[in-house]
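> Under the numbering used here, the first residue of the sequence shown is numbered 78, with each subsequent residue one higher.
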Amino acid sequence: MRRVRTSTLLVGAAVAALAVPLALSPALSNSDARQAETVGDAQQVTLGDAAPDGLVIGSAVAGGGHHGDQDYPDPFTGDVPYRDLLAAEFTSLSAENQMKWDHLRPDRDTYAFDEADAIVEFARANGQVVRGHTLLWHSQNPEWLENGDFTDEELRDILRDHIETVVGRYAGQIRQWDVANEIFDDNGNLRTQDNIWIRELGPEIIADAFRWAHEADPGAELYLNDYSVESVNAKSDAYLALSRDLLADGVPLHGFSAQGHLSLQYGFPADLEDNLRRFEELGLGTALTEVDVRMPLAEGAEPTEEQLRQQADYYVRTLQACLDLDSCGSYTVWGLPDKYSWVPVTFEGEGAATVYWDDLTTKPAYDALLEALLDAS
């Protein structure tokens, strides 16, 4: 299949060029992107430029994790066109793996901040905000932590030190933190077995984590974050009940986010907006933090036109749910391009989940997102 980038898009009387140079043009402000001049006055627009005021458009920064096992250099440090695209296209960045425990804490007494620092510095240099991911999670913990023979008091001190040190280091530089990540299973039960913090210290540790993060950076927005919570279901119901309890106890909880890892094999969560609105009605911010749309693909096969159409539809419907909510200020795609995606490594027989081809040209899903943003602006 020939990979073609759409060249122009009519928006009212303006013509906006969709082709994005990697490093040649300065970023445009939201207001500049919305100025309609005359037909024929082409203007280069990115997703970040096109977003309405109050909404940042983000990407995960590829690196660490499964990338270390692939036959390419670390994307963030070794792929200059990729870095240039991150800088030009997005107004928010999330560390895909570089702020997780297994990367930051090689041992109990050591913090390894180089990779995380590089992302924060890159974002600052390019006028972008950062989402921090993540502080309390059952996965990607280092062996010394999971297999350590710690007392409850020692374990509590380890978590508190980690949160205070990490959040404190980036105080004023990270807009949102995923404080508690994936703490419920699909049936809406707390992960009392596989989450070391909840198993050993009890569910009260969740509130403590939020309090410690708030003390370390009072200006950061603190979020609950999970997958398979796009619809009203047992899992999202559990988060809604937990949110009510935390807020009633005065815990500094500021938002709830759905990751948005979707697959064409399953129906679209049509009640996404209604579900997130339940959290908005509690006074919480909302966000879509890890959006990708994978599809079944035989090895070496290209997506069909119908798969690309359906993928674009899924992407734009997630974005529209965010646009329709006053509380949703952050929409993040989970990385780019397809070769750097976590999907083929994690979901056998699936792939092509991002909005960019491997040569960094855009898919129909990108064009659909851009059109929706321009319409909203």
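Beta carbons are placed, not taken as given, at the ideal position from N, Cα and C, and that holds for glycine.
Predicted model only: the values in this text are computed from it and were never measured.
Label G117 either buried or exposed according to how many other C-beta atoms from any shown protein chain fall within 10 Å of its C-beta, with 16 as the threshold for buried.
Start at 1 with the first residue of the sequence shown, and residue 117 comes out as number 40. Only weak support exists for where G117 lies, its pLDDT of 31 falling under 50; the value from the coordinates is given anyway. By the 10 Å Cβ count, G117 comes out exposed.
> Given this structure, state the Cα-to-Cα distance separating R386 from V393, to the nearest angstrom.
The sequence position of residue 386 within the sequence shown is 309, counting from 1. The sequence position of residue 393 within the sequence shown is 316, counting from 1. Distance between the alpha carbons of R386 and V393: 11 Å.
> Between which two residues does the beta strand (DSSP E) holding A257 run?
Translated into the one-based positions of the sequence shown, residue 257 becomes position 180. Segment Q253 to N258, the beta strand (DSSP E) holding A257.
> Is the region 178–195 close to the region 220–227, with three or more CB pairs under 8 Å?
yes
> Could you give the first and the last residue of the continuous beta strand (DSSP E) run that contains P373?
Position 296 of the sequence shown, counted from the first residue, corresponds to residue 373. Taken as a continuous stretch (DSSP letters only), the beta strand (DSSP E) holding P373 covers G362 to P373.
> Return the CA-CA distance between F356 and L299, expressed in angstroms with no decimal places.
Translated into the one-based positions of the sequence shown, residue 356 becomes position 279. Translated into the one-based positions of the sequence shown, residue 299 becomes position 222. Rounded to the nearest whole angstrom, the C-alpha separation of F356 and L299 is 14 Å.
> By Cβ distance below 7 Å, which residues in the same chain neighbour V306 in space, the five residues on each side in sequence not counted?
Here the question's residue 306 lines up with position 229 in the sequence shown. Counting only Cβ-Cβ distances below 7 Å, and skipping sequence neighbours, we find K312, S313, Y316 and A335.
> So is T228 buried or exposed if we call it buried at 16+ other beta carbons inside 10 Å?
Locating residue 228 in the sequence shown gives position 151, counting from the first residue. That one is exposed.
> Three Cβ pairs or more, each shorter than 8 Å: is that satisfied between the region 316–333 and the region 342–351?
no
> Buried or exposed: Y343, going by 16 or more other Cβ atoms within 10 Å of its Cβ?
Taking the first residue of the sequence shown as 1, we reach residue 343 at position 266. Counting Cβ neighbours within 10 Å, Y343 comes out exposed, since fewer than 16 surround it.
> Please report the residue range of the alpha helix (DSSP H) in which D394 lies.
Start at 1 with the first residue of the sequence shown, and residue 394 comes out as number 317. Per the sequence presented here, residue 394 reads as Arg, with Asp not at that position. Annotation for R394: the continuous alpha helix (DSSP H) segment containing it runs E382 to L400.
> Sort F190, D238, W254 and G249 by Cα distance to T211 and report the nearest one.
Within the sequence shown, the letter at position 134 stands for residue 211. Out of F190, D238, W254 and G249, the CA that lies nearest to the CA of T211 is found in W254.
> Roughly how far, in whole angstroms, is the beta-carbon of V368 from the beta-carbon of W411, given that I think they are within contact range, below 8 Å?
If you number the sequence shown from 1, residue 368 lands on position 291. If you number the sequence shown from 1, residue 411 lands on position 334. About 6 Å; that satisfies the 8 Å criterion.
> Evaluate G145 with the Cβ neighbour count: other Cβ atoms within 10 Å of its Cβ, from every protein chain shown; 16 or more gives buried, anything less gives exposed.
In the sequence shown, counting from the first residue as 1, residue 145 sits at position 68. Flag for G145 reads exposed.
> Distance, Cα to Cα, A164 vs M372?
Within the sequence shown, residue 164 is the residue found at index 87, counting from 1. Within the sequence shown, residue 372 is the residue found at index 295, counting from 1. Approximately 28 Å, taken between the alpha carbons.
> Please list the segments of the alpha helix (DSSP H) lying wholly inside the region 280–368, counting only runs of 4 or more residues, in order along the chain.
281–293, 311–325 and 349–357
> Could you please give the first and the last residue of the uninterrupted alpha helix (DSSP H) stretch that includes L267?
Position 190 of the sequence shown, counting from 1, holds the residue named residue 267. No alpha helix (DSSP H) contains L267, which DSSP labels as neither H nor E.
> Quick one: Cα of L101 to Cα of D161, how far?
Mapped onto the sequence shown, residue 101 falls at position 24. Mapped onto the sequence shown, residue 161 falls at position 84. In this prediction, L101 has a pLDDT of 28, which is less than 50 and means its spatial position is unreliable; what the coordinates show is noted afterwards. Approximately 9 Å between the Cα atoms of the pair.
> Fully enclosed by the region 138–207, which alpha helix (DSSP H) runs are 4 residues long or longer?
152–155, 157–166, 178–181 and 191–202
> Count the other CB atoms within 10 Å of the CB of R208; is the residue buried (16 or more) or exposed (fewer)?
Residue 208 sits at position 131 when you count from the first residue of the sequence shown. Under this definition R208 is a buried residue.
> Under the three-state reduction of DSSP, which class applies to Y433: helix, strand or coil?
On the sequence shown, residue 433 is found 356 positions in, with the first residue counted as 1. Y433: strand per DSSP, three-state reduction.
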